[in-house]
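Shown next, in structure tokens, is the structure this report addresses.
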Amino acid sequence: MNKQNETISLDRSLQKLEYEMEWKMERTLKIRQRIIKDIKKGKRRSQLQKGFVLFTTFALISMFVFLLAGQLTGKLNTMDLSTLPAGEELHTIADEEIPELQSQLEELHQVQFKTPSGREITIHTQENEWGSVDNAIAVFMNHPKYPSLSYTTKEITISNQRAVLQEPVPDAKVGSYKLYVFTESYVYYVQFVAGHNDKGDRDELLKIAEQFNYENL
Amino acid sequence: MHDYRENEIVEWYTQFHQTIFKFILLMVKDYQQAEDLTHETFVKAYKYHHTFKRDSSVKTWLFSVAHNVTIDYIRKQKPIRLFKEVFTSKKDPNPLPEQIVQMKESSLELYEALANLKESYREVIILRKIKGFSIEETSKILDWTESKVKSTLNRALPALEKQLSKEGFVYEQTK
Chain A
-10 MNKQNETISL DRSLQKLEYE MEWKMERTLK IRQRIIKDIK KGKRRSQLQK
40 GFVLFTTFAL ISMFVFLLAG QLTGKLNTMD LSTLPAGEEL HTIADEEIPE
90 LQSQLEELHQ VQFKTPSGRE ITIHTQENEW GSVDNAIAVF MNHPKYPSLS
140 YTTKEITISN QRAVLQEPVP DAKVGSYKLY VFTESYVYYV QFVAGHNDKG
190 DRDELLKIAE QFNYENL
Chain B
-1 MHDYRENEIV EWYTQFHQTI FKFILLMVKD YQQAEDLTHE TFVKAYKYHH
49 TFKRDSSVKT WLFSVAHNVT IDYIRKQKPI RLFKEVFTSK KDPNPLPEQI
99 VQMKESSLEL YEALANLKES YREVIILRKI KGFSIEETSK ILDWTESKVK
149 STLNRALPAL EKQLSKEGFV YEQTK
């Protein structure tokens, strides 16, 4: 047999090989069933994975919303401001006596809410740029020689911190009760939003201010 | 509930299971493994169905999946096979039990000769000469260049002839 014939013959033998081999029908059906079963298993696994991802995402979002809601309407007896440096949001407010909290973060470092008496209080922070509590108090107290005619000031202690209470004079038509709480680093402004002929409630202001924890600032 | 991918895979299995199985069997020469790898080929085809861009025929794509599955298996098996060859002298006595595959006696010699060729020679002969894929299709399946397909086939055929003559293979008579 010459080379060309040999090649043709080999080609034929190879083609024959394809047709002379046969995978048994019952075996092919078994594998078919296995494939379908495994595809279904894979689908279930993938659905479970998708479900898990969805559930986790939902849980995380819910937790975030819950925490946010808790921060805005949470009932906390003591508010810890130690982690809130000036320039950041004051998140937590209010105990049970302040159920209707309408926090309006008008500025990054400011929060506003309603008190049980229906008035509005704002709280914001500022760095103590006067260097010490003493210096800051000296600035916030009425000048000894030239005091304001519309309000008086006195030093008090709030939540173990030195503070200055500013009270409108009795016949003042504008102005409201204001409280300044000092630490070495920050000054906390707690004050009623002034309304016409309404100075706010001194006791309510002090009670709210007492709820904060100003330590370690 | 069936999705269209599942339906398509089942349909492709119906059309191509024989040819895919035979390709794998000729590559691995182990009927049980060939069944497992055929199964794996179609499960992988389902999993990677979205990567099939329809720029080749379904058959070509399925063969490329089968090729990858088979090559992965062969590469994983190499160290094990080497270990077996070193420590055991016995060969698998009958790789083709009749309850799984039927093969005519006349093709057994060719089957054995193919199995003794190196992997790249074996696959290019199977695809080009047994399965009848074009050079372009073969290059897609193997992820080779067309010139590599041609040159490898040119070396593979003489190697097969040599192997057959060693075994005293009787060629088909040409008219």
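Sequence lines, in order, name chains A and B.
For the first sequence, position 10 (counting from the first letter as 1) is numbered -1 according to my numbering, and the numbering increases by one without interruption.
For the second sequence, position 116 (counting from the first letter as 1) is numbered 114 according to my numbering, and the numbering increases by one without interruption.
Quick reminder that beta carbons are idealized off the backbone N, C-alpha and C, glycines included.
Measure the C-alpha to C-alpha separation of residue i and residue j and round it to an integer number of angstroms.
i, j, result
"A/I25", "B/D1", "12 Å"
"A/I147", "A/K162", "27 Å"
"A/L65", "A/I197", "In this predicted model, A/L65 has a pLDDT of only 37, less than 50, meaning its place in the structure is not dependable; the value taken from the coordinates is given anyway. Using only the alpha carbons, I get a separation of about 11 Å."
"B/L162", "B/L125", "19 Å"
"B/L158", "A/E7", "16 Å"
"A/P157", "A/T142", "9 Å"
"A/F53", "A/S121", "38 Å"
"A/G107", "A/S165", "15 Å"
"B/V56", "B/K164", "38 Å"
"A/S2", "A/D27", "37 Å"
"B/I133", "B/A154", "15 Å"
"B/Q13", "A/L56", "58 Å"
"A/L195", "A/F44", "45 Å"
"B/Y109", "B/G166", "14 Å"
Residues of chain B with CB closer than 8 Å to the CB of residue i, please, in chain order.
i, result
"A/Q4", "K127, I128 and G130"
Can you pull the chain A residues whose beta carbon is under 7 Å from the beta carbon of residue i, in chain order?
i, result
"B/F19", "W12"
"B/L60", "Those do not exist, as B/L60 stays about 13 Å from chain A at its closest Cβ, beyond 7 Å."
Output, in chain order, the set of chain A residues within a Cβ distance shorter than 8 Å of residue i.
i, result
"B/M101", "E9, M10 and E11"
"B/T36", "I20"
"B/H15", "W12, T17, I20 and R21"
"B/E159", "E(-5) and L(-1)"
"B/Y119", "Ordered by position in chain A, no residue passes the 8 Å Cβ test against B/Y119, which lies about 13 Å from the chain."
"B/S105", "S2, K5, L6, E9 and M10"
What does DSSP give as the partner residue(s) for residue i in the beta ladder?
i, result
"A/A152", "A/I145 and A/V170"
"A/T114", "A/Y177"
"A/M10", "B/M101"
"A/P157", "A/Y140"
"B/E38", "B/E38 is not bridged to any residue."
"A/E109", "A/K103"
Chain B partners of residue i, CB-CB under 9 Å?
i, result
"A/G31", "V41, Y44 and K45"
Please compile the residues from chain A whose C-beta is within a distance smaller than 9 Å of the C-beta of residue i.
i, result
"B/I7", "I24, I25 and I28"
"B/I123", "L3"
"B/Y4", "For the record, residue 4 of chain B in the displayed sequence is Glu; it is not Tyr. Going along chain A in sequence order, the residues near B/E4 (Cβ under 9 Å) are I25, I28, K29 and K32."
Self-check item: Segment contact, 8 Å Cβ cut-off, at least three pairs: the stretch 14 to 33 of chain B with the stretch 118 to 134 of chain B
Solution: yes
Practice problem: Evaluate contact between the stretch 185 to 198 of chain A and the stretch 116 to 134 of chain A, counting only Cβ atoms and requiring at least three cross-stretch pairs below 8 Å. | Solution: no
Exercise. Would you check if the stretch 128 to 141 of chain B and the stretch 32 to 40 of chain A touch, i.e. whether three or more CB-CB distances between them fall below 8 Å?
Key: no
Quiz item: Looking at C-beta atoms only, is the number of pairs between the stretch 39 to 46 of chain B and the stretch 3 to 19 of chain B that lie closer than 8 Å three or more?
Solution: yes
Quiz prompt | the stretch 100 to 112 of chain B / the stretch 59 to 66 of chain B touching (three or more Cβ pairs under 8 Å) | solution = no
Quiz prompt | Three CB pairs or more closer than 8 Å across the stretch 4 to 16 of chain B and the stretch -9 to 3 of chain A | solution = no
Self-check item: Every unbroken alpha helix (DSSP H) within the stretch 114 to 155 of chain B, with a cutoff of 4 residues, ordered by chain
Solution: 117 to 123 and 133 to 140
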